[in-house]
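Note that the protein sequences, when read in sequence, are chains A and B.
Using this note's numbering, the first residue of the first sequence is number 1, and each one after it goes up by one.
Using this note's numbering, the first residue of the second sequence is number 135, and each one after it goes up by one.
Glycine included, C-beta positions come from ideal geometry on N, C-alpha and C.
Note that this is a predicted model, so its numbers are computed, not measured.
These notes are about the structure you will find just below.
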Amino acid sequence: MASKAQTPAPPKSQGFLYSALILGWLVPGAGHLLTRHWIRAALLFVAITAMFSLGLAMQAKVYVPNTGDPLEMLGFAGDLGTGLLYFIARIFSLGQSTVQLVTADYGTKFVVVAGLLNFVAAVDAHNLRIGRKV
Amino acid sequence: MLTPSHFTAVLLFATCTSVVFGVTQRSTPRSMVRYGLYCWVLFVAAVIAAGWLMWIIRR
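Laid out in structure tokens, this is it:
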């Protein structure tokens, strides 16, 4: 008897498909909250927010939109990854405009990498939402 | 103002980054912990190795 090839049915996701991606970008771990992965969400929130806060505590430079130096533009793209944290830092002027200490250079990297890690976390939340990852 | 040493900054960086890598790159809790620890050890070991390499070059 010939067996029929079985392909897994795509999981049915309700609502806007990219909600976990966007929410995960805005608030670290929020995308995982949407997919009901509570512990993962808490770990991501703590890790990314701690990294961002440590960077600011080290007098990090927070990049602003610009069209000059390509490295500055890349830094801005990285910073933007932290979502609302970036906008809060800009609104309350929490970052520095220039790097004046060695630790400020470390802090700048902490903030940029926190943003890049948040992009990874948001994509992971999207994959959980559409059923590509369990 | 926080002014950690270079090595302390590395430890903080490695810890936060390894947590995110572990959670996002693996599916089961056990494999997440193992991969997170693996990344942490690689981060720290790479920094120690690079530190010794720079010390040798400087001599």
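Your pair Leu128 of chain A and His37 of chain A checks out as a contact, with CB atoms roughly 7 Å apart and the cut at 8 Å. Neighbours of Lys133 of chain A in chain B, taken as residues at a C-beta separation under 7 Å, are given in chain order as Ser161.
Residue contact check for Val113 of chain A against chain B: a CB pair falls below 8 Å. Closest option to Val153 of chain B, judged by alpha-carbon separation, among B:Gly170, B:Ala143, B:Phe147, B:Pro138: B:Gly170. With a threshold of 8 Å between beta carbons, Met188 of chain B makes no contact with chain A.
Runs of alpha helix (DSSP H) with 4 or more residues, each lying fully within the stretch 9-88 of chain A, are found at 19-26, 30-34, 38-57, 70-80, listed in chain order.
The alpha carbon of Ala104 of chain A has as its nearest neighbour, out of A:Ala50, A:Thr35, A:Gln59, the alpha carbon of A:Gln59. A straight-line Cα-Cα distance of about 38 Å links Pro163 of chain B and Glu72 of chain A. Note that the C-beta distance between Leu21 of chain A and Ala125 of chain A is below 8 Å. Shortest Cα-Cα distance from Gly78 of chain A to any of A:Lys109, A:Arg90, A:Gly68, A:Thr35 involves A:Lys109.
Going by DSSP, Lys109 of chain A is part of the alpha helix (DSSP H) stretching over 102-130. Residue pairing by DSSP places Gln96 of chain A opposite A:Lys61 in a beta bridge. Against chain B, a Cβ distance below 7 Å from Phe110 of chain A picks out Phe147.
In this structure, Gly81 of chain A and Leu26 of chain A do not form a Cβ contact; the two beta carbons are roughly 11 Å apart against a cut-off of 8 Å. With distances taken between CA atoms, Thr35 of chain A lies nearest to A:Leu17 out of A:Met51, A:Val46, A:Leu17.
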